[in-house]
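Enquirer: By the numbering used here, the letter at position 226 of the sequence shown is numbered 212, and the numbering carries on one by one without gaps. Beta carbons are placed, not taken as given, at the ideal position from N, Cα and C, and that holds for glycine. These numbers come from a predicted model, not from an experiment.
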Amino acid sequence: MIKKFSGLFIILPLLTSCGLFIKLDQPDEEIVFKKNLQDRICHLKNDELTLATSTSGDQNLFEERIVIAAKKHRLQPIDVFVIWSLVQMYIRPDKVSPGSNLQFIDSNSKKPFYSSYNLNINKDPNLFLNSLKDLLKKYKSKRSLKYLARVTDDLSPYQTSVDKELATLLTNNKGALSSNKLLETYFFKGDQVLRPGEGLRTFKIWPIVSQAAYKNNSFNTHLFSFTIGKGRVANCNFDMRIYQNAVYLIDKNAGNDSHSYSISYKGETFLGISSQRPNLEKNYSTTYTFPPKDLGTQKAVCFIKTPNSNFTMISTKGRDSGQHLFNMIEYNIAGASTVDEVLAMLEFPRYLFLLNPERMVYESDRSTTLQTQTFLNTSFPIYHKSNLGNVWIHYKNKKESSLLIDDRVPNYKSCLK
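This is how it looks when you write it as structure tokens:
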């Protein structure tokens, strides 16, 4: 059994007294409280396909059609991941495009794998598509990207439904979008941009893929290894020592340049993180996806291995995505022995230390009076934030395999349909 959050106040003895709590009047995100915590969990089964993506929209039609296509074409897990990756261009065209960056995570307990194409050396306008080609080659797929693009076109509906997140983007950038005639035909009805729930025509993916010249791009697979207890090792794409030395890496985009999604199929779970800062005045030919101004920032990934369990964790939102995973490791998430204990970690109120000026941001609405008071007994000014971060966890032990997804950011999980 886990010792509940034993590392919670590890940093607090370093601080002194007289904290100041500042309640922000208008949080920029809606906090969501749900009575049924179990809807955060997908219990994965080998004979079922489970899809997840960061959207408030219903993607059940895609799920149903991908299931049929997977059986018809005898697709392997990596093939399904590639199809689901291509579909993301419909769902989040500002963060997923032919040229966006891909971080790929294979949570295989025996041989986990991580790769990131978020390198300044990469100047490929088709970086995302070529990353998918590389994955098909690595996993020795019998299908080409062109073949899977055809399958994606065949299963895609004539139109999808605009979700709240895309509708907000359209509203906030109406002027820039209206200057592009092709984007205007997709995103406008008369003089108004599309609203939540309205139909958005899909586009054909095969023509884009067929015209995309292959380029051998550089990618990074390096992970920092840390012993976090007897028989417990964490391998992360960031150096945890920076947080131990009170160094905090601030993401100028606050993680708003990324999009997370995943598939679980035939005993395999793959996660993807696409990121870019979009140029909203331009588009890829015949599509409404936006080319990147830059590739955004790399998001935090950790694999934890213990004698009895494996954790794959991604953190994609906020000023310092790695700090959330570091805090969870300090809380002793590796000691969790059931999915409910992992869920308790996911639900626990989060905080972030930020610099210039020194301050702490804290989810006070999720905390108890005692927890809040403990932070108030420090010298840091404390700011309230409704929601901090977006963490996904694939947890696997000898009895179960589960995907746990934050409720702090809207998400779709096919296991809950």
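1. Are the stretch 240 to 249 and the stretch 317 to 337 touching by the rule of at least three beta carbon pairs closer than 8 Å?
2. For Ile27 and Tyr381, what's the separation of their Cα atoms in angstroms?
3. Between which two residues does the beta strand (DSSP E) carrying Arg78 extend?
4. Between Asn221 and Leu209, how many whole angstroms is the CB-CB distance? I'm expecting something under 8 Å.
5. Hey, could you find the ends of the beta strand (DSSP E) Ala240 is sitting in?
6. Could you check the C-alpha separation between Ile379 and Asp25 for me, to the nearest Å?
7. Please report the straight-line C-alpha distance between Pro367 and Leu338, rounded to a whole angstrom.
8. Please classify Asn397: does DSSP put it in a helix, a strand, or coil?
9. Quick check on the DSSP output: what are the complete alpha helix (DSSP H) runs of length 4 or more inside the stretch 36 to 107, in order along the chain?
10. Count the other CB atoms, across all protein chains shown, that sit within 10 Å of the CB of Gln197; report buried if there are 16 or more and exposed otherwise.
11. Name the two residues that bound the continuous beta strand (DSSP E) containing Leu295.
12. Assuming Phe189 and Tyr274 form a contact by the criterion Cβ under 8 Å, report the distance between their Cβ atoms to the nearest whole angstrom.
13. Enumerate in chain order the residues of its own chain whose CB-to-CB distance from Ile17 is below 7 Å, with the five nearest sequence positions on each side excluded.
14. Closest by CA to Lys31, which one among Ile249, Tyr369, Arg136?
15. With the cut-off set at 9 Å, would you say Leu281 and Arg305 are in Cβ contact?
16. Please state whether DSSP places Lys167 in a helix, a strand or coil.
17. With distance defined between alpha-carbon atoms, name the residue in Thr138, Gly308, Asp393, Ser117 nearest to Ser86.
18. Please list, in chain order, all residues of the same chain as Ile191 whose beta carbon is under 6 Å from its beta carbon, the five residues on each side excluded.
19. For the beta strand (DSSP E) that Tyr369 lies in, which residues bound it at each end?
20. I'd like the ranges of any alpha helix (DSSP H) spanning at least 4 consecutive residues and lying wholly in the stretch 140 to 164.
21. Please report the straight-line C-alpha distance between Gln62 and Gln359, rounded to a whole angstrom.
22. Confirm, please, whether the CB-CB distance from Pro335 to Tyr348 is below 9 Å.
23. For Leu105, which residues of its own chain have a beta-carbon under 6 Å away from its beta-carbon, when the five flanking residues on both sides are left out?
24. Between Leu163, Thr298, Val377, Ala320, which lies nearest to Val179 when the distance is taken from Cα to Cα?
25. When the distance is taken between beta carbons, is Val195 closer than 9 Å to Leu115?
26. Buried or exposed: which applies to Glu344, given that a residue is buried once 16 or more other Cβ atoms fall within 10 Å of its Cβ?
27. Can you tell me the Cα-Cα spacing of Thr298 and His370, whole angstroms?
28. For Asp177, list the residues DSSP reports as bridge partners.
29. Quick one: what's got a C-beta closer than 7 Å to Met331's C-beta in the same chain, skipping five residues either side?
Expert: Put simply:
1. No: fewer than three Cβ pairs fall under 8 Å.
2. Mapped onto the sequence shown, residue 27 falls at position 41. Mapped onto the sequence shown, residue 381 falls at position 395. C-alpha separation (whole angstroms): 10 Å.
3. For the purposes of this step, residue 78 is identified with residue 92 of the sequence shown, where counting begins at 1. Neither: Arg78 is in no beta strand (DSSP E) and is coded neither H nor E.
4. As a working note, residue 221 is residue 235 in the sequence shown. As a working note, residue 209 is residue 223 in the sequence shown. About 4 Å separates the Cβ atoms of Asn221 and Leu209, confirming a contact at the 8 Å cut-off.
5. Start at 1 with the first residue of the sequence shown, and residue 240 comes out as number 254. Note, Ala240: premise wrong, no beta strand (DSSP E); not H, not E.
6. Indexing the sequence shown from 1 puts residue 379 at position 393. Indexing the sequence shown from 1 puts residue 25 at position 39. Answer to the nearest angstrom: the Cα atoms are 14 Å apart.
7. Your numbering for residue 367 matches position 381 in the sequence shown. Your numbering for residue 338 matches position 352 in the sequence shown. Taking the straight line from one Cα to the other gives about 12 Å.
8. Here the question's residue 397 lines up with position 411 in the sequence shown. Looking at Asn397 - three-state DSSP - the assignment turns out to be coil, as it is neither helix nor strand.
9. Within the stretch 36 to 107, the complete alpha helix (DSSP H) runs of at least 4 residues are 46 to 58, 63 to 77.
10. The residue labelled residue 197 in the question sits at position 211 within the sequence shown. Counting every other CB atom within 10 Å of its CB across the protein chains shown gives Gln197 a total below 16, marking it as exposed.
11. In the sequence shown, residue 295 corresponds to position 309, counting from 1. Reading off the sequence shown, one finds Ser at residue 295, where the question assumed Leu. Judged by DSSP secondary structure, Ser295 falls within the beta strand (DSSP E) whose first and last residues are 295 to 301.
12. Locating residue 189 in the sequence shown gives position 203, where the first residue counts as 1. Locating residue 274 in the sequence shown gives position 288, where the first residue counts as 1. Yes, Phe189 and Tyr274 are in contact; Cβ-Cβ is about 7 Å, under 8 Å.
13. As a first step, residue 17 is located in the sequence shown; it is residue number 31 there, counting from the start. Residue confidence for Ile17 is low, a pLDDT of 38 falling below 50, so the modelled location carries little weight; the figure read from the coordinates is stated next. Closer than 7 Å at the Cβ level, and outside the excluded window around Ile17, lie Asp351, Ser372, Asn373.
14. Residue mapping note: residue 31 aligns to position 45 of the sequence shown, counting from 1. The residue with the shortest Cα to Cα distance from Lys31 is Ile249.
15. Position 295 of the sequence shown, counted from the start, is the residue given in the question as residue 281. Position 319 of the sequence shown, counted from the start, is the residue given in the question as residue 305. With contacts defined by Cβ atoms closer than 9 Å, Leu281 and Arg305 do not form a contacting pair.
16. In the sequence shown, the residue the question calls residue 167 occupies position 181. In the three-state DSSP reduction, Lys167 falls in the helix class (H, G or I).
17. Translated into positions along the sequence shown, residue 86 becomes position 100. Of Thr138, Gly308, Asp393, Ser117, the residue nearest in Cα terms is Ser117.
18. One-based indexing of the sequence shown puts residue 191 at position 205. So the qualifying residues of the chain are Leu72, Ala135, Thr138, Asp139.
19. As a first step, residue 369 is located in the sequence shown; it is residue number 383 there, counting from the start. Boundaries of the beta strand (DSSP E) around Tyr369: 367 to 370.
20. Segments of the alpha helix (DSSP H) lying fully in the stretch 140 to 164: 150 to 158, 160 to 164.
21. Translated into positions along the sequence shown, residue 62 becomes position 76. Translated into positions along the sequence shown, residue 359 becomes position 373. Computed Cα separation, rounded: 51 Å.
22. Here residue 348 refers to the residue found at position 362 of the sequence shown. Here residue 335 refers to the residue found at position 349 of the sequence shown. Tyr348 is a Cβ neighbour of Pro335, given a cutoff of 9 Å.
23. For the purposes of this step, residue 105 is identified with residue 119 of the sequence shown, where counting begins at 1. Its chain contains Ser204 as the residues whose beta carbon lies nearer than 6 Å to that of Leu105, once the 5 sequence neighbours on both sides are disregarded; these appear in chain order.
24. Here residue 179 refers to the residue found at position 193 when the sequence shown is read from its first residue. Looking from the CA of Val179, the closest CA among Leu163, Thr298, Val377, Ala320 belongs to Leu163.
25. To locate residue 115, count along the sequence shown from 1; it is residue 129. To locate residue 195, count along the sequence shown from 1; it is residue 209. Yes, the pair counts as a contact, with Cβ atoms nearer than the cut-off.
26. On the sequence shown, position 358 is the one that residue 344 refers to. By the Cβ neighbour-count rule, Glu344 is exposed, with fewer than 16 other Cβ atoms within 10 Å of its own.
27. Sequence index remark: in the sequence shown, residue 298 carries index 312 (1-based). Sequence index remark: in the sequence shown, residue 370 carries index 384 (1-based). Straight across, the Cα-Cα distance linking Thr298 with His370 is about 29 Å.
28. In the sequence shown, residue 177 corresponds to position 191, counting from 1. According to DSSP, Asp177 bridges with nothing at all.
29. On the sequence shown, residue 331 is found 345 positions in, with the first residue counted as 1. In chain order, Met314, Tyr317, Ile319, Ala322 place their CB closer than 7 Å to the CB of Met331, counting only its own chain and leaving out the 5 sequence neighbours on each side.
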